[in-house]
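Beneath this line is the structure, given in structure tokens, with notes to follow.
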Amino acid sequence: MPADSGATGRAASRGPDDGTPEQIHLTWGDDPARSVVVSWASPGRAARPRVRIGQRVIPAEERGYTDGLNGQAVWTYHARVHGLRPGATYGYAVTADNDGNGADPFSAMFSTAPEGRAAFRFTSFGDLATPNTDWVLSYGQAAYAVGAVEQFQPLFHLLNGDLCYADLNPAAQPQVWRDFGNNNQASAANRPWMPVPGNHETEFGNGPQGFSSYLTRYALPANGFGPFEGRWYSFRVGSALFVSLSADDVVYQDAGAFVAGPSALVPAPSTGNPPVPAGTSLYVRGYSGGAQTRWLEATLAAARRDASVDWIIAQLHQCACSSSRDGNGSDLGIRESWLPLFDRYEVDLVLCGHDHDYERSFPVRGFDPVAGTSVATGAAVNTRRPHPVTTVDSGVFDTSQGTVHLVLGCGGTDVNADVFGAPAPGRPDEAKVFTMPNRPVPSATPGVYDRPGADAVEDAAWSARRDTATGYGIAVFDVNPGTEAGGQTSITVTHYHALGADPVNPSSGEPGAPTGDYTVFETFTLVRPRSDGRRWHAKQSASAISG
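So for the sequence shown, the working numbering puts the first residue at 142; every next one is plus one.
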């Protein structure tokens, strides 16, 4: 069964003066060994919201916004807890003066990160949604996915974008976020869940890039770019640096909030916002003016100069390497902007979502030039296809020689994308690639608009393993720091899948149902030399590999 959300049996919401905490979740502070942030929401505005840890009482920062489409006010709170001990376990309680459960406030426990080289576990998936099937793209598997995180007891979880799909439910965005937060509380109140924004976090009427719902609910490590705080960030656990990126800033694909038509999207009169005409999409490529990419290079360079950092793991939503036939595919924007930096600074692992399936690449470095084909004309296209440094699937990969990409969009939506393979018998396996914006265009129906699919295809020479049995699962990562300076460190990766969870099995056509039975799909190991015995030199910028 799904994990208990902690809400069962607790006082129901009583109205606009109800400050009862709900949607409780943790994120890391700027130093995960010594700080966390406890965050929550309440039905109404809370009076003196606070967290208690031992004898300490930490007041919470209030954040609020009014949804730009339905006019509902949202109140959230963030208590930044500092001065903790590395690798320690703490209990905490969350309350307010108008907490309906004030006599028995919500309580839970968490552990801080270890300091220095130490073993730890983390988990990851993206594209979660909610268990409430009243909402577009929600599905019961979302509850079991949260339960799976608790089953594997990681130190923290990476949530790779497209959190709840509130933008697809424009009349009820805050309610969708609420269902998402209360579902996640079963795990996220016990361990940090570290998110990145995906295309479905962009919402009409909610800030310049549409991220107000996301940014109000999550307090994330600082990036030093005031106008863009919360959109991208990094944090350090043990000998691993985690870099969390907002890929909507660089991707070509237009996949944010969209009004297909024929009617305009009309916000509630109380918002004062004008109707959003049919054919409008919220396309934010380039929103940081290059600031995110400059920050990324500086962050990666600093990490590789630091002899105490072995691993660099990037987390983003959209994919550089996806060959799903039913999904979105790959995006040239990531390949142009960030893969050269991943190559230069030996990023070990890239975790994505976006396509609702599981796929693993071979280690890649550099690119194969003019390896793509235009869907419209058949002409050659430079998709900068990532070059596999090996195509031997040995189960052990040295990531100092190439970066492994994982598609983990396997959380809990009701649309699985686990169909792969050649477009026709006798053809090689193919991947779709966006190499230009797919802005809305008129469809055959008057007043209705479509956004075209990817404009190019390429042979998926970089693809190593794909789960064709189900679109649902969770990846578990066990970091082993090694024992000797200059020796070897490793990460063992196990992907567990939920067989039978697809609403309709793509092979048999048989109906499925949500399930909590997660079993092993594959295990592989990443290795690299420890940085404390290796003189590191920056690689040249990723170049084309001919032949």
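Yeah, the Cβ is synthetic: ideal placement off N, Cα and C, and Gly gets one too.
Query	Result
Neighbourhood of Asp534 by C-beta distance below 8 Å, restricted to the same chain and skipping five residues each side	Phe503, Ala605, Arg606
Per-residue DSSP class, three states only, for Asn310	coil
Pro689 - containing alpha helix (DSSP H), residue span	Nothing in the structure corresponds to residue 689, since the chain is present only between 142 and 688.
Assigned exposure category for Asp275 - 16 Cβ within 10 Å defines buried	exposed
Ala220 to Trp373 span [Cα, whole Å]	20 Å
CB of Ala563 within 8 Å of CB of Glu571, strictly	yes
Cβ-Cβ separation, Ala398 to Asp496 (assumed contact under 8 Å), whole Å	Not a contact, Cβ separation roughly 19 Å.
Coarse secondary structure for Val391, derived from DSSP in three states	coil
Rounded separation between Gln326 and Ile165 - CA only	5 Å
Residues sharing a beta bridge with Trp216, DSSP	Ser183, Gly205
Nearest residue (CA-CA) to Gly519, options Val511, Gln282, Arg525	Val511
Residue environment, Arg332, which counts as buried when at least 16 other CB atoms sit within 10 Å	buried
Where Asn621 falls: helix, strand or coil (DSSP)	strand
Contact under 8 Å by Cβ, Pro622 with Arg258	yes
C-beta contact flag for Thr161 and Asp268 at 8 Å	no
Spatially closest choice to Asp539 from Thr514, Tyr613, Thr630, Ser584, by CA coordinates	Thr630
Status (buried if at least 16 other CB within 10 Å, exposed otherwise) for Arg506	buried
C-beta contact flag for Glu477 and Val548 at 8 Å	no
Whole-angstrom C-beta distance between Gly322 and Arg358, which should lie under 8 Å	7 Å
Under 8 Å between C-beta atoms of Asp451 and Arg669	yes
For Pro227 and Ala174, believed in contact at Cβ under 8 Å, the rounded distance	4 Å
Contact between the segment 228 to 235 and the segment 187 to 197 (3+ Cβ pairs under 8 Å)	yes
CB of His528 within 8 Å of CB of Asn340, strictly	no
Expected contact under 8 Å - CB spacing of Asn301 and Phe266 to nearest Å	7 Å
Residue from Phe251, Leu210, Ala237 whose Cα sits closest to the Cα of Asp245	Ala237
Alpha-carbon to alpha-carbon, Pro583 and Ala330	45 Å
Local conformation of Val290 per DSSP, three classes	helix
Spatial distance of Tyr428 from Ala187 (CA atoms)	34 Å
Residue of Asn414, Gln316, Ser176, Ala388 minimising C-alpha distance to Ser354	Gln316
Thr264: first and last residue of the uninterrupted beta strand (DSSP E) it sits in	261 to 266
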